[in-house]
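1 is the number of the first residue of the sequence shown in the UniProt record's numbering; add one for each residue after it.
Ideal Cβ placement from N, Cα and C applies to all residues, glycine included.
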Amino acid sequence: MTQKMESKVENQAQIKTLIVPVTGMTCAACASSVQTILDKQNGVLECAVNFANESAKIQFDTKLTSPEFLQEKLQQIGYGLILGTPEKAKEQQAILKENQYQKLKQNLIWATILTIPVVIIGMFFMEMPYANWIELALTTPVLLWFGRQFFINALKQTRAGTANMDTLVALSTGIAFLFSLYNTLFPEFWHHRGLHAHVYYEAAAVVIVFIMLGKLLEENAKSNTSTAIKKLMGLQPKTVWVIENGEEKEIPIAEVQVSDRILIRPGDKIPVDGKVLSGNSFVDESMMSGEPLPVEKTKGSKVFSGTVNQQGSFKFIAEKVGDETFLAQIIQLVQEAQGSKAPVQKLVDKIASIFVPIVIIIAILTFIIWMIFGGENALTHALLTSVSVLVIACPCALGLATPTAIMVGVGKGAENGILIKDAESLEIAHNVNAIILDKTGTITEGKPSVSDLIWVNKSENEMLKSILLSLESLSSHPLAEAVTQQLKVEGVKPLTINTFENVVGKGIRAIFEGQNYFVGSPKWIESITPNLDNQAIISLEKQGKTVVVFADEKETLAIIAISDKIKSTSKIAIQELQEAGIEVFMLTGDNILTAQKVAEEVGIKNVKASLMPNDKAEFIKQLQKEGKIVAMVGDGINDSQALAQADISIAMGKGSDIAMDVAKMTLISSDLLKIPQALKLSRKTVSTIRQNLFWAFIYNLIGIPLAAGVLYPFNGFLLNPMIAGAAMALSSVSVVSNSIRLKYRN
1 MTQKMESKVE
11 NQAQIKTLIV
21 PVTGMTCAAC
31 ASSVQTILDK
41 QNGVLECAVN
51 FANESAKIQF
61 DTKLTSPEFL
71 QEKLQQIGYG
81 LILGTPEKAK
91 EQQAILKENQ
101 YQKLKQNLIW
111 ATILTIPVVI
121 IGMFFMEMPY
131 ANWIELALTT
141 PVLLWFGRQF
151 FINALKQTRA
161 GTANMDTLVA
171 LSTGIAFLFS
181 LYNTLFPEFW
191 HHRGLHAHVY
201 YEAAAVVIVF
211 IMLGKLLEEN
221 AKSNTSTAIK
231 KLMGLQPKTV
241 WVIENGEEKE
251 IPIAEVQVSD
261 RILIRPGDKI
271 PVDGKVLSGN
281 SFVDESMMSG
291 EPLPVEKTKG
301 SKVFSGTVNQ
311 QGSFKFIAEK
321 VGDETFLAQI
331 IQLVQEAQGS
341 KAPVQKLVDK
351 IASIFVPIVI
361 IIAILTFIIW
371 MIFGGENALT
381 HALLTSVSVL
391 VIACPCALGL
401 ATPTAIMVGV
411 GKGAENGILI
421 KDAESLEIAH
431 NVNAIILDKT
441 GTITEGKPSV
451 SDLIWVNKSE
461 NEMLKSILLS
471 LESLSSHPLA
481 EAVTQQLKVE
491 GVKPLTINTF
501 ENVVGKGIRA
511 IFEGQNYFVG
521 SPKWIESITP
531 NLDNQAIISL
541 EKQGKTVVVF
551 ADEKETLAII
561 AISDKIKSTS
571 KIAIQELQEA
581 GIEVFMLTGD
591 NILTAQKVAE
601 EVGIKNVKAS
611 LMPNDKAEFI
621 KQLQKEGKIV
631 AMVGDGINDS
641 QALAQADISI
651 AMGKGSDIAM
661 DVAKMTLISS
671 DLLKIPQALK
681 LSRKTVSTIR
691 QNLFWAFIYN
701 LIGIPLAAGV
711 LYPFNGFLLN
721 PMIAGAAMAL
731 SSVSVVSNSI
741 RLKYRN
């Protein structure tokens, strides 16, 4: 058993898991370097570094190490950890990223301004007086000031015994610059050998500018960093009113203890999990169930942190506080799901870790071979070929391959109402073979409305409509709003009701012109009026509708069915997905009767009902274990856990902000027909990324051997570093052009 495993077994009580932002990462190789350093530290049991969201999930033994020690080790090689509470760490990371973005943008602008004349002189006016000195003066600030971060990072990587793309950029541009500087200062060295003292300032400057452009595009593509954790935390109030010795007292949320008695007023957020002691109200639990209808709370009912109280007030006893609450568990699960590595990131890690050292080795071997077999001009050819190898192998095109395709793909998606956040979602989406759909707000509109208003014995008249509107307008029940809105649309005007009573758990009673009127559940109304049409009610309930009854003391006046309408495009979209060979599942917190009815209408065979958020996430995990690539489509806070767990997450634009933050894709119009379009766009974008990677590498596969002089023994051909620089630039142009072409593909 290894030391790490022994530590894990023997010190379970000391093991802590930390999800923390990482600073200073500029490429996939950086993430690999950070993970390598963290894995080497004594006490670190497991580590996963995610370049996409710039975070690290670290499991460590608190007896053997600490976050501060790990932060110090990373700082030694140019990286860092943002420690503190998750909320403050996220805020600090956002500020830091914005500052870095603005700084990079300014550096790119100035570097470009200085590079343009260098390129013009180097390409067209090489023989003008003082050309080399002018190029030197313009190139020096491009490399040593605006592009200094490449050299600083490369130096830190070297000290740590690692390498990334900054290393290759620094080597290629640095050697080209020093070689050109030498030729500027001592041109006679080449003249005495009958050769021209070439300079390659434009190659060095252009490489820096192109790489900076690639980084800026990549940062721009990732600029909408998820703020889901921050918003989830915002669901919890900062202070709480507790009752001590009969007196109300406001205390910070952190001081709440189990068994504290807490007062909740109308509009308050529930701070912790507990049980109602007295009072009654309706609580919006959509962040849990996804259902739009608030849930009635009376004595003995359970309440959960993050939910929102509505009309009434009540007192409850705290049963779970701190990290044990429902909201805290959701935050933790979302953090863990977001911190896991995506397949595309692992692929990029491998490419970067292989590409950089191989190019360096080839350049060194090229120099050595020419020094041994180069004959009279060995040094000259050794310098030229090794510099050519480094210049032509500069990963500029590789750095642009993904972000340019993403930018064009994201832009095209936005034009079609599809917001796409990153390369991971695009890489995964085209492989999706199972899609999970939430019901409310995803398949349906998410707004309860009156579907049936049946007037018994044709007793409908304007007076009764006005009485019904008046009663429902005074009611605190959430279903009353649907009835009120329906009658207002019909132009009904309310009357003045003198006597009104809210009968908790049953309905409402009112007196108008000496007559008693009732609106409530069928069971309650049946105890008042004997002629209730149970067959009609049962028929409506079998359709998954909620039924309320309007009656007076003598008879039933109307039966009202309230439902959530299915979106007009849902059935067509689901059919398209199924025809594409994708399994479609519906998961909902609603009851099985309603769920089955909705599923039947839209053509879904796989249905799971009465699910909590963690149940949805667990179902997705099970599908993933079966080898499915799962997409989750949802619109509510309750879906955030499942969205984070899925391989690809899609949010409805009209849903909650948190669902959109967690999701990798957002459908602005909340139209399910956008899902097949999004998957098609994913296939095209991934195809473009692969084409870009091909073009980025084909130049290297062909150019590196040519730059190394492989043809020299046969025909005397030796690739000039100037041509190598042009080939490098051409590879970048090819990649960008191919990405732009995606914009015009149907």
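Q: Report the rounded CA-to-CA distance for Lys315 versus Val503, giving the unit in angstroms.
A: As a position in the sequence shown, residue 315 is number 315, starting the count at 1. As a position in the sequence shown, residue 503 is number 503, starting the count at 1. For Lys315 and Val503, the distance between alpha carbons rounds to 20 Å.
Quiz item: Starting from Thr239 and walking both ways along the beta strand (DSSP E), at which residues does that stretch end?
Solution: The residue given as residue 239 occupies position 239 in the sequence shown. DSSP places Thr239 in the uninterrupted beta strand (DSSP E) bounded by Thr239 to Glu244.
Under 7 Å between C-beta atoms of Ile648 and Ala631
What you label residue 648 is simply residue 648 of the sequence shown in a count that begins at 1. What you label residue 631 is simply residue 631 of the sequence shown in a count that begins at 1. Yes, they are a contact pair.
Query raised in the report: According to DSSP, what are the bridge partners of Gly47?
Result: Counted from its first residue, the sequence shown places residue 47 at position 47. Reading off the sequence, residue 47 comes out as Cys, not Gly. Paired residue(s): Ile58.
Exercise for the section: May I have the straight-line CA-CA distance separating Thr23 from Gly80, to the nearest angstrom? Expected result: In the sequence shown, residue 23 corresponds to position 23, counting from 1. In the sequence shown, residue 80 corresponds to position 80, counting from 1. The C-alpha of Thr23 lies about 5 Å from the C-alpha of Gly80.
Using a Cβ-Cβ cut-off of 7 Å (strictly less than) and excluding sequence neighbours within five positions of Thr115, which residues of its own chain qualify?
As a working mapping, residue 115 is identified with position 115 in the sequence shown. If we look at Thr115 and ignore the five residues flanking it on each side, its Cβ neighbours are Val142, Ala205, Val206 and Val209.
_Closest Cα partner of Glu618 within the set Ile134, Ile436, Ile120 and Gln311_ = By one-based count along the sequence shown, residue 618 stands at place 618. Here the closest residue by C-alpha is Ile436.
- Message: Does the contact criterion of 3 or more C-beta pairs under 8 Å hold for the region 91 to 100 versus the region 167 to 185?
- Response: no
Query raised in the report: For Thr569, which option in Thr444, Pro494, Gln596 and Gly520 has the closest C-alpha, if you only look at C-alpha atoms?
Result: Position 569 of the sequence shown holds residue 569. Comparing Cα-Cα distances from Thr569 to each of Thr444, Pro494, Gln596 and Gly520, the minimum goes to Thr444.
- Rounded C-beta distance between Ala393 and Asn700? I'm assuming under 8 Å. Stepping through the sequence shown from its first residue, residue 393 is reached at position 393. Stepping through the sequence shown from its first residue, residue 700 is reached at position 700. About 5 Å separates the two Cβ atoms, so the contact holds.
Whose C-beta lies closer than 6 Å to the C-beta of Ser386 among residues of the same chain, with five residues either side of it excluded?
On the sequence shown, position 386 is the one that residue 386 refers to. Excluding sequence neighbours, Ser386 sits near Ala363, Thr366 and Phe367.
Original post:
On the three-state DSSP scale, how would you describe Ala651?
Top reply: For the purposes of this step, residue 651 is taken as residue 651 along the sequence shown, with counting starting at 1. Note: Ala651 maps to strand in three-state DSSP.
Within the continuous alpha helix (DSSP H) that includes residue 776, where are the two ends? The chain is shown from 1 up to 746; residue 776 falls before or after that span and cannot be answered.
Checklist entry - Whose C-alpha, out of Ser610, Gln645, Ser640 and Val633, is nearest the C-alpha of Lys625? => result The residue labelled residue 625 in the question sits at position 625 within the sequence shown. Out of Ser610, Gln645, Ser640 and Val633, Gln645 has the C-alpha closest to the C-alpha of Lys625.
Span of the beta strand (DSSP E) holding Thr17?
As a first step, residue 17 must be located in the sequence shown, where it is residue number 17. Start and end: Ile15 to Thr23.
DSSP three-state call for Asn431: helix, strand or coil? Here residue 431 refers to the residue found at position 431 of the sequence shown. DSSP, read as helix, strand or coil, puts Asn431 in coil.
| message | Less than 7 Å between C-beta atoms, sequence neighbours within five positions excluded: which residues of the same chain meet that for Thr499? | response | Within the sequence shown, residue 499 is the residue found at index 499, counting from 1. If we look at Thr499 and ignore the five residues flanking it on each side, its Cβ neighbours are Ala510 and Ile511.
| Simplified DSSP assignment, three categories, for Gln515 | In the sequence shown, counting from the first residue as 1, residue 515 sits at position 515. DSSP places Gln515 in strand when its eight states are reduced to three.
How would you write the range of the alpha helix (DSSP H) that Ile538 sits in, first residue to last?
-> As a working note, residue 538 is residue 538 in the sequence shown. Note, Ile538: alpha helix (DSSP H), Asn534 to Lys542.
task = Determine the direct distance from the alpha carbon of Gly194 to that of Leu178, and round the result to whole angstroms.
result = Stepping through the sequence shown from its first residue, residue 178 is reached at position 178. Stepping through the sequence shown from its first residue, residue 194 is reached at position 194. Cα-Cα distance, rounded: 21 Å.
>> By the DSSP assignment, the beta strand (DSSP E) with Phe316 in it spans what residues?
In response: For this step, residue 316 is matched to residue 316 along the sequence shown. First-last of the beta strand (DSSP E) with Phe316: Phe314 to Lys320.
Rounded C-beta distance between Gln236 and Leu104? I'm assuming under 8 Å.
Walking along the sequence shown from the start, residue 236 turns up at place 236. Walking along the sequence shown from the start, residue 104 turns up at place 104. Rounded, the Cβ-Cβ distance is 36 Å, inconsistent with contact.
**Q.** When Ile354, Asn416, Val389 and Gly122 are compared against Trp370, the one with the closest alpha-carbon
**A.** Residue mapping note: residue 370 aligns to position 370 of the sequence shown, counting from 1. The option with the nearest alpha carbon to Trp370 is Val389.
*Should Lys616 go down as buried or exposed, given a rule of 16 or more other Cβ atoms within 10 Å for buried?*
Translated into positions along the sequence shown, residue 616 becomes position 616. It counts as buried.
| query | Rounded to a whole number of angstroms, what is the C-alpha to C-alpha distance between Asn99 and Phe355? | reply | Indexing the sequence shown from 1 puts residue 99 at position 99. Indexing the sequence shown from 1 puts residue 355 at position 355. Each residue's Cα considered, the two are about 30 Å apart.
> Going by the beta-carbon positions, is the gap between residue 819 and Ser475 smaller than 7 Å?
Replying inline: In the structure as shown, the chain begins at 1 and stops at 746. Residue 819 is therefore absent and cannot be evaluated.
TODO: Compute the Euclidean distance between the alpha carbons of Pro21 and Met128, then round it to the nearest angstrom.
DONE: Residue 21 sits at position 21 when you count from the first residue of the sequence shown. Residue 128 sits at position 128 when you count from the first residue of the sequence shown. Each residue's Cα considered, the two are about 52 Å apart.
*Between Ile629 and the rest of its own chain, which residues show a CB-CB distance below 6 Å, the 5 nearest in sequence each way excluded?*
Here residue 629 corresponds to residue number 629 of the sequence shown, with the count starting at 1. Closer than 6 Å at the Cβ level, and outside the excluded window around Ile629, lie Asn431, Val432, Asn433 and Asp647.
Exercise. In the structure shown, what three-state DSSP assignment does Ser739 receive?
Worked result: Here residue 739 corresponds to residue number 739 of the sequence shown, with the count starting at 1. Residue state, collapsed to three classes: helix.
Please tell me whether Ile251 and Val258 are closer than 7 Å, where the distance is taken between their beta carbons.
Within the sequence shown, the letter at position 251 stands for residue 251. Within the sequence shown, the letter at position 258 stands for residue 258. The answer is no: Cβ separation not under 7 Å.
Original post:
When burial is assigned at 16 or more other CB atoms within 10 Å of the CB, is Arg745 buried or exposed?
Top reply: Mapped onto the sequence shown, residue 745 falls at position 745. That one is exposed.
_Which of the three DSSP states is assigned to Asn700 in this structure?_
In the sequence shown, the residue the question calls residue 700 occupies position 700. In the structure shown, Asn700 sits in a helix (DSSP, three-state: H, G or I).
**Study point:** Own chain partners of Ile508 with C-beta closer than 6 Å, once the 5 adjacent residues on each side are dropped
**Key:** As a position in the sequence shown, residue 508 is number 508, starting the count at 1. So the qualifying residues of the chain are Leu471, Ser475, Asn502 and Val519.
Note to self: Taking 6 Å as the cut-off, is the beta-carbon of Phe282 closer than that to any non-hydrogen atom of the ligand ADP?
What the structure shows: As far as ligands go, the structure on display features none, and thus does not contain the ligand ADP.
Report task. Determine the direct distance from the alpha carbon of Ser281 to that of Thr496, and round the result to whole angstroms. Result -> Position 496 of the sequence shown, counting from 1, holds the residue named residue 496. Position 281 of the sequence shown, counting from 1, holds the residue named residue 281. If you take the alpha carbons of Thr496 and Ser281, they lie about 25 Å apart.
Taking the alpha-carbon positions, what's the Trp110 to Met407 distance? Within the sequence shown, the letter at position 110 stands for residue 110. Within the sequence shown, the letter at position 407 stands for residue 407. Their Cα atoms are separated by approximately 23 Å.
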